[in-house]
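Residues in the sequence shown are numbered consecutively from 8, following our numbering.
A quick write-up on the structure given underneath.
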Amino acid sequence: MRASEVGEVLTAVNAINTAGLSAQTFTDTFRAWGDRLAAPPAAGRHGGETPSQTRRFRSLRAAQYYAQALFYVLGTRSPGDEEAVYLAGRKAWDTFARLCSPAAVRAQVPYAKTRLPVWFFRPDDRDEPRPTVILTNGSDGQNLDMWTYGVAAALGRGWNAVVYDGPGQGQLLFVEEIPFTTRWEQVVAPLVDWLDARGDVDSSRIAITGLSMGGNLVARAAAFEPRLAAVVCMPGAPNPWLGFDKEIRDIVTADKAETNRVWNEDVVPELTPELATTVKKRFEIFSREALREARAGRVFKDLWTPAQVAIGLDITKVVPRIKAPTLVLDYDFEQFYPGQPRQMYELLRSKREYVKLTAATGAQLHCSPMAPQQHCDVVFDWLADVLQR
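Encoded structure:
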């Protein structure tokens, strides 16, 4: 998908291993690669201007490497750099989107008291109604992941594709400090409204996909948003809270004061630096306080409040409400939601299909990280059948 280069990645990995693997060396190395590719080349061939196609994909790779740095920046000596690293990656992504042909349409769609950043990709600029896929990230993915897991595949079939940041993601999280919501239908509805008003969107063929925890979010949205023609959960995840370690889940009770006492007195003092970083990363998406504490280099003191948001993502009771045809993906050796995709499939009452991507074809592990093209083939072949295009 041209979102990274094997030689660049291996060179970065070698540099990290030589320096000694740590959050600091990982972040510094990939941030430097992002800086290198985001900087405009001195000149093109013979001193001329660098072709836009070259700049376009250099920018996409820069966004990728900044995203890698962003994932571990909270474990470095400068956790407060999180917003700056995000913004560097966002600038690279925006450059990539602007240099697409045609350029992605940028929009700010009203949601609650803010606006959702939207990038609308089209195969061409004709005002012709087409199938459109809303691509939804999970708990820690970035916009460029949606290029790899959907935009390129949609454009290749002559469809439109929508990338957006919701609460707990991208701009809304890292800049506006807005955490996740348990009511994702309130995020998707204004996106569908915006699409419905466009002449180049076939309103009867708007599908939605959700990657990682996004598989939970889009299922929740589809249970309440009747205008979606198809839903893909990658994977199915009816209860993301179960993806947290049992040791953490067991701490959280109905008693907020007791939960936080145990957390602060018994758990936090025993956390290794690595575990502390993991905890900060996993909970910053659910609480403004947790995010601010993480950026200050501290573990948050209130576990109970963000845990309630994570617990509130349980959609077991609403999955049967989904009316749209639904594809549920599963993966060999699924690390975060083992067993949950099959559970979601069994809960569905609409037309449904369950597909497990396997180690036999190199598509194992959460979200098939080594096989995004195979992943897209499965998803978009199914969507083509459902949307009859």
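Note that CB positions come from ideal geometry on N, CA and C, so glycine has one too.
Source: prediction; values computed, not measured.
Practice task
Take Ala236 as the anchor and find which of Lys324, Pro348 and Arg137 has the nearest alpha-carbon.
Solution key: Arg137
Exercise for the section: Confirm, please, whether the CB-CB distance from Trp248 to Ile258 is below 8 Å. Expected result: no
Exercise for the section: Over the uninterrupted beta strand (DSSP E) stretch that includes Thr143, give me the two end residues. Expected result: Under the DSSP assignment, Thr143 falls in the beta strand (DSSP E) whose first and last residues are Arg137 to Thr143.
Problem - Terminal residues of the alpha helix (DSSP H) in which Pro379 lies - result: From DSSP, the alpha helix (DSSP H) with Pro379 extends over Pro379 to Leu394.
Problem - Nearest residue (CA-CA) to Lys253, options Gly369, Phe343 and Leu372 - result: Phe343
Handout entry: Alpha-carbon spacing of Asp172 relative to Ser210, whole angstroms
Key = 21 Å
Practice task
Would you list, in sequence order, the uninterrupted alpha helix (DSSP H) runs of no fewer than 4 residues that lie entirely inside the region 121-202?
Solution key: 150-153, 159-163 and 177-181
Handout entry: Best match in Ala22, Gly14, Ala110 and Trp40 for proximity to Leu60 [C-alpha to C-alpha]
Key = Going by the sequence as given, residue 60 is Gln instead of Leu. Looking at the Cα atoms, Ala110 is the closest of the given residues.
Problem - Rounded C-alpha distance that separates Gly243 from Gly145 - result: 12 Å
Exercise for the section: Spell out a yes or no on whether the region 348-362 and the region 272-286 are touching, meaning 3 or more CB-CB pairs, one atom from each, closer than 8 Å. Expected result: no
Problem - Distance between Pro48 and Lys120 (C-alpha atoms, nearest Å) - result: 40 Å
Handout entry: Among Thr188, Val169 and Pro376, nearest to Asp339 - alpha-carbon criterion
Key = Pro376
Handout entry: Distance CB(Trp166)-CB(Val140) smaller than 8 Å
Key = A contact, by the Cβ cut-off of 8 Å.
Practice task
With DSSP collapsed to three states, give me the class of Pro117.
Solution key: The DSSP-derived three-state label of Pro117 is strand.
Practice task
Inspect the CB distances between the region 120-136 and the region 75-85 and report whether three or more fall short of 8 Å.
Solution key: no
Exercise for the section: Using the Cα positions of Glu15 and Glu265, report the straight-line distance between them to the nearest angstrom. Expected result: Answer to the nearest angstrom: the Cα atoms are 49 Å apart.
Practice task
Along the alpha helix (DSSP H) that carries Leu224, what are the first and last residues, could you check?
Solution key: Gly221 to Phe231
Problem - Contacts around Val125, its chain only, beta-carbon distance under 6 Å, and the 5 residues preceding and following it disregarded - result: Here Val125 has Ala114, Val116 and Tyr171 as same chain residues with Cβ atoms under 6 Å from its own Cβ, once five neighbours each way along the sequence are excluded.
Problem - Residue environment, Leu108, which counts as buried when at least 16 other CB atoms sit within 10 Å - result: Per the sequence shown, residue 108 should be read as Ser rather than Leu. The residue in question, Ser108, is exposed, as its Cβ has fewer than 16 Cβ neighbours within 10 Å.
Handout entry: According to DSSP, residues forming a beta bridge with Asp337
Key = Lys363
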